[in-house]
Amino acid sequence: MDSSLLAILQVGALVLVLVAIHRPLGDYMARIYSSTKDLRVERGFYRLIGVDARAEQSWMAYLRSVLAFSLIGVLFVYAIQRAQAVLPYSLGLPAIPEGLSFNTAVSFVTNTNWQSYSPEATMGYTVQLAGLAVQNFVSAAVGIAVAIALVRGLARTRQGTLGNFWVDLTRGTLRLLLPLAVLVAIVLVAGGVIQNFAGFTDVTTLTGGTQSIPGGPVASQEAIKMLGTNGGGFFNANSSHPFENPTGFTNLVQIVLMLAIPFSLPRTFGVMVGDKRQGYAILAAMAAIFVVSLTALTLFELGGAGTAPQLAGGAMEGKETRFGIATSTLFGSASTLTSTGAVNSMHDSFTSLGGMMPMINMMLGEVAPGGVGSGLYGMLILAVIAVFIAGLLVGRTPEYLGKKLGPREIKLASLYILVTPTLVLAGTALSFAIPAVRADVEGTSILNPGLHGLSEVLYAFTSAANNNGSAFAGLTANTPWFNTALGAAMLFGRFIPIVLVLALAGSLAAQPKIPSTAGTLPTHRPQFVGLLVGVTIIVSALTYFPVLALAPLAEGL
Amino acid sequence: MSSRSRIGRQYWVALRAMVVFTLVLGVGYTAVVTGIGQLALPAQADGQPVSDADGQVVGSALIGQSFTDADGNALPQWFQSRPSAAGSGYDGTASSGSNLGPENSDLITAIGDRRAAVAKLEGVSESEVPADAVTASASGLDPQISPEYARLQVARVAEARDLPEAKVSALVESFVQGRDLGILGDPTVNVLELNLALASMAG
Chain Y
1 MDSSLLAILQ VGALVLVLVA IHRPLGDYMA RIYSSTKDLR VERGFYRLIG
51 VDARAEQSWM AYLRSVLAFS LIGVLFVYAI QRAQAVLPYS LGLPAIPEGL
101 SFNTAVSFVT NTNWQSYSPE ATMGYTVQLA GLAVQNFVSA AVGIAVAIAL
151 VRGLARTRQG TLGNFWVDLT RGTLRLLLPL AVLVAIVLVA GGVIQNFAGF
201 TDVTTLTGGT QSIPGGPVAS QEAIKMLGTN GGGFFNANSS HPFENPTGFT
251 NLVQIVLMLA IPFSLPRTFG VMVGDKRQGY AILAAMAAIF VVSLTALTLF
301 ELGGAGTAPQ LAGGAMEGKE TRFGIATSTL FGSASTLTST GAVNSMHDSF
351 TSLGGMMPMI NMMLGEVAPG GVGSGLYGML ILAVIAVFIA GLLVGRTPEY
401 LGKKLGPREI KLASLYILVT PTLVLAGTAL SFAIPAVRAD VEGTSILNPG
451 LHGLSEVLYA FTSAANNNGS AFAGLTANTP WFNTALGAAM LFGRFIPIVL
501 VLALAGSLAA QPKIPSTAGT LPTHRPQFVG LLVGVTIIVS ALTYFPVLAL
551 APLAEGL
Chain G
558 MSSRSRIGRQ YWVALRAMVV FTLVLGVGYT AVVTGIGQLA LPAQADGQPV
608 SDADGQVVGS ALIGQSFTDA DGNALPQWFQ SRPSAAGSGY DGTASSGSNL
658 GPENSDLITA IGDRRAAVAK LEGVSESEVP ADAVTASASG LDPQISPEYA
708 RLQVARVAEA RDLPEAKVSA LVESFVQGRD LGILGDPTVN VLELNLALAS
758 MAG
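Chains Y and G are the protein sequences, given in the same order. Sequential numbering of the first sequence, starting at 1, is according to the numbering used here. Sequential numbering of the second sequence, starting at 558, is according to the numbering used here.
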C-alpha cells in the first residue's frame with residue numbers, strides 16, 4: 001500500500017477513537033468538576049490534609065494554593081533526588097547533583113518533563129516512582145484545575161469565587177487520572193511494555209557477547225506519562241525504546257492517551273458554560289491546526305530532503321523500523337501539539353524543515369489541542385484576543401460568552417501571549433550573547449555544528465518555556481547554564497501564565513452576564529473558528545519568523 | 558486568623574497532600590499495576606526473554622543485539638541488525654539515537670561508509686541497500702529490520718552456513734511481521750528471533 005494512504009488510514013483510525021471517547025470523557029469531566037458530592041475516600045483525604053471541601057476560593061486564594069502545592073512539589077522532588085544514595089531500589093546509583101536535581105524537580109512539577117539526564121544511568125526506581133510518577137499525576141491535575149477555574153469564570157455571574165483548588169486537584173487525580181492510568185497501564189503491559197523491579201540483567205548473547213537488559217516499572221510510568229501529557233521517559237530513548245513502546249499498537253494507544261483529555265476538555269467547557277457549540281468551535285480550531293501541522297511534517301519526512309536522508313534513501317536516521325516514517329511523524333506531531341514532549345523518533349535527525357514543525361507546534365503555544373488543561377486555557381486566551389481583534393474591526397466593545405472584555409481582561413490576555421516568546425527568544429539570545437556562556441554552549445552542549453546547532457538551542461528554550469519537554473536531543477543540557485536557564489524558563493513559562501489565567505478568571509466571574517444582541521459576534525460559527533485559527537497562527541508567526549529563518553529555514557532551503 | 562497564618566496554612570495543607578499522594582500514586586498505584594502485570598501477564602511484564610535450544614536465556618525479543626565480532630565486523634553467518642548509537646552498539650544501559658542532523662558531515666560520511674560496507678558484504682550494488690541498513694535507530698536497540706534488508710542478506714547467510722538459499726529465504730518470509738491492525742507502523746523482521754531459528758535449523 002502507498003505510504004501516504006497508510007498515513008491517512010492510521011490518522012482515520014485515531015480520529016475514530018477520539019470521536020468515540022471525547023463525549024463520554026468530556027461529559028464525565030464536567031460532572032467531576034461540577035458535582036457537589038464528595039466520595040467517602042475524598043472526605044477522608046480532606047480531613048487528613050485539613051481542607052474544608054465546601055469552602056470556595058477567590059482567584060487569589062486559588063492561586064496561592066496552586067503555588068503552595070507546586071513549591072512543596074519542587075522541594076519534595078528535589079529532596080528525593082538529593083537523597084537517592086540512601087533510598088531503597090536505587091540500583092546503586094548515587095545522589096543526583098544540585099543543578100540537575102533543581103532542573104528535574106522544576107521540570108516534572110511544571111508538567112514539562114524536560115530531561116537533562118539519561119534516566120537509566122541516573123534515576124533509580126524510588127526517584128522515578130515517589131518523585132517523578134507522583135508529579136506526572138498531580139502536575140496534570142493542576143493544569144486541568146486551572147483550566148476549569150477559567151471555565152467557571154466564564155460560566156459564573158457576579159461571583160467572587162472560582163471553586164476550591166484542593167477539591168479540583170483531588171477529584172482530577174482520584175476520579176479521572178488514577179482509574180484511567182491503572183486501566184491503560186494494564187493494556188500497555190499486555191501490549192509488551194515491561195513492569196517489574198528486576199534491575200539490570202546480564203545475558204550472554206547469541207554471538208557470545210554480553211548484554212545488560214534493563215528492567216523497571218515502566219508501564220505504570222508510561223500510562224500516566226502520556227495521559228497527563230507529561231512525556232518524561234523511563235529510558236533515555238523515551239517512547240522509541242522497545243520496552244516503553246514495543247509495537248504499532250502500543251504506539252497508537254500512547255498517541256490516543258496524549259490527545260484524549262486535551263481533545264475532550266472543549267466538550268467539558270461547552271457543557272459547563274451551557275452551550276456545547278462553544279466547545280465545538282474551540283475543538284474545531286484545535287483540530288484544524290492539528291491536521292495541517294501533521295500533514296506538513298509527514299510530507300517533509302516522507303519527502304526526505306537533505307544530504308543525509310537523500311544518501312540513505314529515506315529519512316530513517318533516528319527512527320525505529322516498526323514505526324517507519326508516517327507513524328513517527330504522527331507521534332511527533334501529537335507530542336508537540338500537546339505539552340507531552342515524548343518522542344518515538346529523534347527530532348534532531350528529522351529533515352531540516354521536518355525538524356522545524358515540532359518547533360512551530362510548540363511556538364503556537366501548544367493549543368492544538370495542547371497539554372491537559374493548559375491547552376484549553378491557552379486556546380480560550382486566544383479566543384479572547386480573537387474577539388478583541390474582531391471588536392476593533394467593527395468598533396464594538398468585545399464580549400465573549402456574555403462577558404465584557406474590558407481593558408483589564410485584554411491586558412491579562414496580552415501579557416499571557418507575551419510570556420513564552422519572551423522566555424524563548426531571550427533564553428536563546430543570551431546563550432550566544434554572553435561570551436563565557438557562548439563558549440560553553442558551543443564547546444560542550446551543541447552536537448551538530450552550524451545552523452543546526454542554533455536550532456538545538458532554540459528548540460531547547462521553546463520546549464522549556466512551553467512546558468513541552470521534547471528536545472533536539474543532541475544538545476548536552478546537563479550543564480550549569482542550561483540546567484539553570486531552562487529551569488527558569490520552565491518555571492516562568494508555567495506559573496506566570498497561570499497567574500494571568502486565574503486573574504482573568506476572577507475578573508470574569510465577578511461580571512454580570514450581558515444578553516447577546518444583533519451586534520454580538522457569534523463565537524460558535526465557522527467564521528469565528530477561522531478567525532481563531534488565523535489569530536493563533538499570526539501571533540506566533542510574527543513573533544518567531546525571524547529566528548526560524550535563521551535556523552531551520554536557512555538550513556532547509 | 559491573620560492573613561499571614563492563612564497563607565502559611567496552605568503550605569501545611571500542601572505538604573500533607575504531597576505525602577498522601579506519594580503513598581497513593583507513587584507506591585500504591587505502582588504496586589497494583591506490578592501485581593496485576595506479574596500475575597496475569599508475566600512474560601510481557603518481564604520483557605519477553607528468549608532462550609536458545611539449550612534453554613539458556615540469550616536476550617529479549619524486544620531488544621536488538623549486535624551480530625558482529627569484537628572489532629564490529631559483521632559475522633557472515635548471522636543476519637545483521639541496524640547500525641546502533643546506543644553505547645558502542647546495542648548497549649542496554651545506554652539507549653540513544655545518534656541525534657546527528659540531516660546536514661551533519663559525520664552522518665553523511667557514516668552513511669556512505671555503511672552503504673559501501675553492506676553492498677560489499679552482500680555482494681550487491683550500493684543502490685540496492687535499503688535505508689534502515691545505513692541509518693541508526695532512535696533507541697539504538699531496534700530489534701527489527703525491514704523485510705527488504707532481511708531478504709538482501711539471505712544469499713550471504715545461506716552461503717556462510719552452507720544451507721540451501723530457498724530454505725533460508727522461506728525462513729525469512731515466515732518471520733515477516735505485518736503492520737499492527739494492517740495500518741500501524743511498518744512491516745518488520747525480528748533479527749534475534751530469526752537468528753535463533755536459523756541456529757536451530759543449522760543444528
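Glycine included, every Cβ here is placed at the ideal spot set by N, Cα and C.
For ASN630/G, no Cβ of chain Y is located within less than 8 Å of the residue's own Cβ. Counting along the chain, no alpha helix (DSSP H) covers PRO369/Y, and no H or E run does either. Contact of PRO309/Y with chain G is assigned, a C-beta pair being separated by under 8 Å. DSSP places GLU399/Y in the strand class (E or B) of the three-state scheme. Residues of chain Y with a Cβ closer than 8 Å to the Cβ of VAL589/G are, in chain order, VAL182. At a cut-off of 8 Å, the C-beta of HIS452/Y has a neighbouring C-beta in chain G. With at least 16 other beta carbons inside 10 angstroms of its own, PRO266/Y counts as buried. For SER638/G against PHE624/G, the beta-carbon gap comes to about 6 Å, under 8 Å, which counts as contact.
Taking 8 Å as the upper bound for CB-CB distance, ILE289/Y and TYR568/G are not in contact here, some 39 Å apart. For GLN211/Y, the enclosing beta strand (DSSP E) stretches over residues 210-213. Here PRO214/Y has GLU120 and PHE200 as same chain residues with Cβ atoms under 6 Å from its own Cβ, once five neighbours each way along the sequence are excluded. Using a Cβ-Cβ cut-off of 8 Å, PRO700/G counts as an interface residue toward chain Y, since at least one Cβ of chain Y sits closer than that to its own. Taking a Cβ-Cβ cut-off of 8 Å, the neighbours of ALA13/Y in chain G comprise LEU738, ILE740 and LEU741, given in sequence order. The beta carbon of GLU56/Y lies closer than 7 Å to those of THR161, GLY163 and ASN164 in the same chain, with the five residues before and after it left out. Rounded to whole angstroms, the Cβ separation of TRP166/Y and SER65/Y is 6 Å, and the two are in contact under 8 Å. Counting only Cβ-Cβ distances below 8 Å, LYS319/Y has contacts in chain G at THR692, SER694 and ALA695, in chain order. When CB distances to chain Y are screened at a threshold of 9 Å, the residues of the segment 601-613 of chain G falling below it are GLN601, ALA602, ASP603, GLY604, GLN605, PRO606, ASP609 and GLN613, in chain order. Out of ASN245/Y, ALA477/Y and LYS404/Y, the CA that lies nearest to the CA of ASP440/Y is found in ALA477/Y. Residue environment for PHE108/Y: buried (at least 16 other C-beta atoms within 10 angstroms of its C-beta). Chain order gives no chain Y residues near LEU728/G, where near means a beta carbon separation below 8 Å; the closest approach is about 15 Å. Listed by position along chain Y, the residues whose Cβ is nearer than 8 Å to that of VAL577/G are PHE45, LEU48 and ILE49. Residue ranges of uninterrupted alpha helix (DSSP H) with 4 or more members, entirely inside the segment 306-367 of chain Y and ordered along the chain, are 307-312, 324-337 and 352-363. Out of THR247/Y, GLU399/Y and ASN361/Y, the CA that lies nearest to the CA of THR295/Y is found in ASN361/Y. DSSP, reduced to helix, strand and coil, places ALA642/G outside both helices and strands of the structure shown, so it counts as coil.
PHE636/G does not reach chain Y, its nearest Cβ partner there being about 11 Å away, counting only Cβ pairs nearer than 9 Å. Listed by position along chain Y, the residues whose Cβ is nearer than 9 Å to that of ALA715/G form an empty set, because the closest Cβ is around 18 Å away. Listed along chain Y is no residue with a C-beta nearer than 7 Å to that of ASP719/G; the closest approach is about 19 Å. The segment 343-351 of chain Y makes contact with the segment 224-242 of chain Y, as at least three CB pairs between them are under 8 Å. In the structure shown, VAL533/Y falls within a helical segment according to DSSP collapsed to helix, strand and coil. Within 8 Å of the CB of ARG64/Y, the CB atoms of chain G belong to ILE564 and GLN567, in sequence order along the chain.
Within the same chain, ALA551 come within 6 Å of LEU454/Y by CB-CB distance, once the 5 residues on both sides are set aside.
With contacts defined as CB atoms closer than 8 Å, GLU456/Y and ASN448/Y qualify as a contacting pair. Taken atom to atom, the span from the alpha-carbon of ALA281/Y to that of PRO97/Y is near 47 Å. Residue nearest to ARG566/G within the set HIS22/Y, MET356/Y and ALA68/Y is ALA68/Y (criterion: CA-CA distance). Taking LEU283/Y as reference, the option from VAL15/Y, ALA7/Y, GLU555/Y and ARG31/Y with the minimal CA-CA separation is VAL15/Y. Within the model, the alpha-carbon separation for GLY304/Y versus PRO421/Y is close to 30 Å.
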